[in-house]
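Colleague: Residue numbers (our numbering): 75 to 183. One structure, as structure tokens, below. Some questions next.
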DNA sequence: CTGCTGACCGAGA
DNA sequence: ATCTCGGCCAGCA
């Protein structure tokens, strides 16, 4: 598990796996934690390969608390279902109390 | 090798 | 307050 072996994507997966239950974070927060606050796009792009991994991508939303990535999930409301299943209220792809459920790895970790 | 895309974010008008 | 635009880096054809 050498850092060199761990690509940017792998780091994203690691952080995503560290997201506590019933908690959500943003791409920018992960990117910032990785040292690339401007590369938040890659974080989302990295999630492209999260399919099939133990990465709770449904806990990762955009800065607005919007489930932008839900479009990439299997179903249409699967992401919302998962979040609601964890106690996170979601309304129309939008996380309720997102500010309260927000989990910043750069500060809380 | 070059170019395009991508689940975003921040700043400017 | 809302809308628009550029930029960042990595993977793939």
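Built from N, CA and C at the ideal position, the CB exists for glycine as well. From a predicted model like this one, the values you see are computed outputs, not experimental measurements.
If you draw a straight line from the C-alpha of residue 95 to the C-alpha of residue 116, how long is it?
Modeller: Taking C-alpha positions only, residue 95 is separated from residue 116 by approximately 24 Å.
Colleague: Counting Cβ pairs closer than 8 Å, one from the region 89 to 109 and one from the region 133 to 153, do we hit at least three?
Modeller: Touching, yes.
Colleague: Expressed to the nearest angstrom, what Euclidean distance is found between the alpha-carbon atoms of residue 78 and residue 132?
Modeller: The predicted model places residue 78 with a pLDDT of 42, which falls under 50 and marks its position as unreliable; any figure quoted below should be read in that light. Their Cα atoms are separated by approximately 27 Å.
Colleague: Using only CA atoms, which one of 161, 111, 81 lies nearest to residue 174?
Modeller: 161
Colleague: Would you check if the distance between the CB atom of residue 87 and the CB atom of residue 180 is smaller than 9 Å?
Modeller: No. Outside cutoff.
Colleague: Using DSSP bridges, identify the partner residues of residue 134.
Modeller: 99
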